[in-house]
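*Asks:*
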Amino acid sequence: MAPALLWLTALMLVPCGLILALGFFRRGLYGGIEYAFTLENFALIVDPLYAGIFLTSARIAGTATLIAVIVGYAAAYAIAAAPRHRQPTLLFLAVLPFWSNYLIRTYAWIVLLNREGLITQGLRLMGYEGEPPSMLYTEGAVITGLVYNYLPFVVLACYAPLARLNPELAEASRDLGASAFTTFRRVILPMTLPGIAAGAVFVFVLSIGNFITPALLGGGRFQMMGNLIYAQFLTANDWPFGAAISMVLIAIMMGLLTLQAIAAERGAGERREGANG
Amino acid sequence: MADRSPATRRSLAVLLAAVFAFLYIPIVTLVALSFNDGGLPTAWTGFSVKWYGTLLANRDILSAALNTLIVAVISTAIAAVLGTLLALGIETRRRRGRALEALVFAPMIIPDIVLAIALLSFFSLLKFPMGLHTIILSHVVFNLAFVSAVVRARLKSFDWSVTEASADLGAPAFTTFRRVTLPLILPAVIAGALLAFTLSVDEFIIAFFTAGAGRASTTLPMQIFAMIRFGVTPEINALATLVMIVSVTALTLSQRLNKGVIAP
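Next comes the structure, spelled out in structure tokens:
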């Protein structure tokens, strides 16, 4: 295992540590790095100009997460309710797109959404004669792309706790007179919350740090944190600021994952108490 | 789960059908258009494979495909060996610290863009010349994490008494590994390698940042990204279809060999 650990240390830990350090250095006069300690880069993040971009990307990522969680949970629920012998195939088909090429899956939406794309064609077939609707390069297109790309992940994360759920619990709840909705809200939902939370954290982090989907489906009009990092390194040449934004992204991820772990632990504790009491 | 009424069953089936339509219509559309003779999405003018022919005549695409193959094959081979050894090392340890788990898990969850800029900064500060070799070095990072995850999952249900039996019968450690352990975990190793190969073939962001200047080390996803910026063309549809076929074949094989690689 030593060679693998060495590889991960040299090509992941050290580079990430470097980024951490870089965030505290000053940008050089001609785009290089001046090795002088500063907190300017982090101050710049709360500057109204950039804070606005962060808020926009948090809103877009938040909307995408909400939609992906609702649709993904419903799909996972439907798969868990299907005949047992069909479940593996259904789950495999739901998750398969997630592991295939991200760029191509995003490009497929350009084909559907562009002005002379398939959706416009479909509308024409139904008798629509006006201007083609502008669907590409909108916030809706970016959200659709993010939901499309990360939905399978939510299905996977929610399926596991749903499949493990003891059917007798729901039956007991119904026998005791609870409605189907109450049973879902008070029994099924709490027990599957860790799966939902895990799915949500990843969709949110991957969305807010995205740069391909906003670049291709947003036409550069919507910047996410990922686009901002990309720009600092490849066009603006302000590596220290780019490194600082990356650190914020990692901090958001760690923070959300910690919250998720605490929630999962607490949920498990309550279940244990419930079982004993 | 609890018994459901026929109406509930039907609505769940409709819901699932809608989700699958959402997931697959974009991909199916793309594949269908790649066979459209006219090449335009506006009208179906007949079945044709001519757009696949134009791909073969495009030198940029061919050289990008070759680069991708080189990167994927070499990084997968290194990751298969290192990832398997890592999995064996971790699973045979009695105590596993949280730090070790985090280190091995990190490459799978760290946002690509962060790893990409971290590697770019690392290589440029070291003045390490960048090219295909730096893409390979970088791809091994996440590939080995995925291989080790798949092999570790297999080792969880591994009956270690067979290796003890082998040792008791006097086999040296390496013989036990070669004749007993490896054959038993081989399906998981190959499944993990197939997953790693797909991830490497499809990976864009890290390759984009660690490829260095110039066109020489352009990979297929980088080429596709550059082409997409010029809009929808029948060549991209054909190329995308071919890449999808490679991914889906490798992923399906992987899942067949070792249940649970792609989905439980």
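Residue numbers (my numbering), protein chains in the order written: chain B, 1 to 277; chain X, 278 to 541.
Backbone N, C-alpha and C define an ideal beta-carbon position, used for all residues, glycine too.
Please read these numbers as outputs of a predicted model, since none were measured by experiment.
Indicate the three-state DSSP secondary structure (helix, strand or coil) for arginine 26 of chain B in the structure shown.
*Replies:* strand
*Asks:* Residue range of the beta strand (DSSP E) that isoleucine 33 of chain B falls in?
*Replies:* 33-37
*Asks:* With a threshold of 7 Å between beta carbons, is alanine 517 of chain X in contact with chain B?
*Replies:* yes
*Asks:* Using a C-beta to C-beta distance shorter than 8 Å, which residues of chain B count as neighbours of arginine 281 of chain X?
*Replies:* Ala81
*Asks:* Would you decide whether asparagine 166 of chain B is buried or exposed? Buried here means 16 or more other CB atoms lie within 10 Å of its CB.
*Replies:* Exposed is the call here.
*Asks:* Figure out for me which residue from X:Pro283, X:Leu300 and X:Val305 has the closest Cα to the Cα of asparagine 514 of chain X.
*Replies:* Relative to the Cα of asparagine 514 of chain X, the nearest Cα in the group X:Pro283, X:Leu300 and X:Val305 belongs to X:Val305.
*Asks:* Would you say serine 12 of chain B reaches chain X, if we count a Cβ-Cβ gap shorter than 7 Å as a contact?
*Replies:* Looking at the sequence shown, residue 12 of chain B is not serine but methionine. Chain X contact via Cβ: present.
*Asks:* With DSSP as the reference, label phenylalanine 502 of chain X as helix, strand or coil.
*Replies:* helix
*Asks:* Taking all protein chains shown into account, decide if valine 268 of chain X is buried (16 or more other Cβ within 10 angstroms of its Cβ) or exposed.
*Replies:* As shown, chain X starts at 278 and ends at 541. That puts residue 268 of chain X outside it, with no answer to give.
*Asks:* According to DSSP, simplified to helix, strand and coil, what is phenylalanine 507 of chain X?
*Replies:* DSSP places phenylalanine 507 of chain X in coil when its eight states are reduced to three.
*Asks:* Spell out the partners DSSP gives phenylalanine 324 of chain X in its beta bridges.
*Replies:* X:Asn313
*Asks:* Can you tell me where the alpha helix (DSSP H) holding asparagine 321 of chain B begins and where it ends?
*Replies:* The structure shown does not extend to residue 321 of chain B, since chain B is modelled only from 1 to 277, so the question has no answer here.
*Asks:* Taking CB distances under 7 Å as the criterion, tell me whether alanine 74 of chain B reaches chain X.
*Replies:* yes
*Asks:* In whole angstroms, what is the alpha-carbon distance linking arginine 223 of chain B and aspartate 436 of chain X?
*Replies:* Contrary to the premise, residue 223 of chain B reads as glutamine rather than arginine in this sequence. Cα-Cα distance, rounded: 51 Å.
*Asks:* Is the distance from the Cβ of tryptophan 109 of chain B to the Cβ of glycine 145 of chain B below 7 Å?
*Replies:* yes
*Asks:* What residues in the region 92-115 of chain B bring their beta carbon closer than 9 Å to a beta carbon of chain X?
*Replies:* Phe92, Leu93, Ala94, Val95, Leu96, Pro97, Phe98, Trp99, Ser100, Asn101, Tyr102, Leu103, Ile104, Arg105, Thr106, Tyr107, Ala108, Trp109, Ile110, Val111, Leu112 and Asn114
*Asks:* Kindly say whether cysteine 158 of chain B, judged by its beta-carbon, lies nearer than 7 Å to any beta-carbon of chain X.
*Replies:* no
*Asks:* Please report how far the alpha carbon of arginine 105 of chain B lies from the alpha carbon of alanine 36 of chain B, in whole angstroms.
*Replies:* 43 Å
*Asks:* Closest Cβ-Cβ distance between threonine 306 of chain X and chain A: below 7 Å?
*Replies:* Absent from the structure is chain A; the protein chains it does hold are B and X.
*Asks:* Strictly below 9 Å CB to CB, what residues from chain X border leucine 151 of chain B?
*Replies:* Val296, Phe299 and Leu300
*Asks:* Is there contact between the region 62-71 of chain B and the region 190-207 of chain B, where contact requires at least three CB pairs shorter than 8 Å?
*Replies:* yes
*Asks:* Given glycine 360 of chain X, which residues of its chain have a CB within under 6 Å of its CB, disregarding the five upstream and five downstream residues?
*Replies:* Leu421, Val424 and Ser425
*Asks:* Using a beta-carbon distance below 7 Å, is serine 398 of chain X in contact with chain B?
*Replies:* Nearest CB-CB separation between serine 398 of chain X and chain B: below the 7 Å threshold.
*Asks:* Output yes if chain B places a C-beta closer than 7 Å to the C-beta of threonine 319 of chain X; else output no.
*Replies:* Taking a beta-carbon distance threshold of 7 Å, threonine 319 of chain X counts as an interface residue toward chain B.
*Asks:* Cα-Cα, which of B:Arg59, B:Ala94 and B:Ala81 is closest to valine 142 of chain B?
*Replies:* B:Arg59
*Asks:* Asparagine 237 of chain B by DSSP, collapsed to three states: which one?
*Replies:* coil
*Asks:* Applying the 10 Å Cβ sphere with the 16-neighbour rule, what's the burial state of alanine 290 of chain X?
*Replies:* exposed
*Asks:* Taking only three categories from DSSP, how would you classify valine 538 of chain X?
*Replies:* coil
*Asks:* Just tell me which of B:Gly209, B:Gly219 and B:Glu116 has its CA closest to the CA of methionine 253 of chain B.
*Replies:* B:Gly209
*Asks:* By the 10 Å Cβ neighbour count, where 16 or more other Cβ atoms means buried, how is valine 324 of chain X classified, buried or exposed?
*Replies:* Looking at the sequence itself, residue 324 of chain X is phenylalanine, so the reference to valine does not match. Phenylalanine 324 of chain X comes out exposed.
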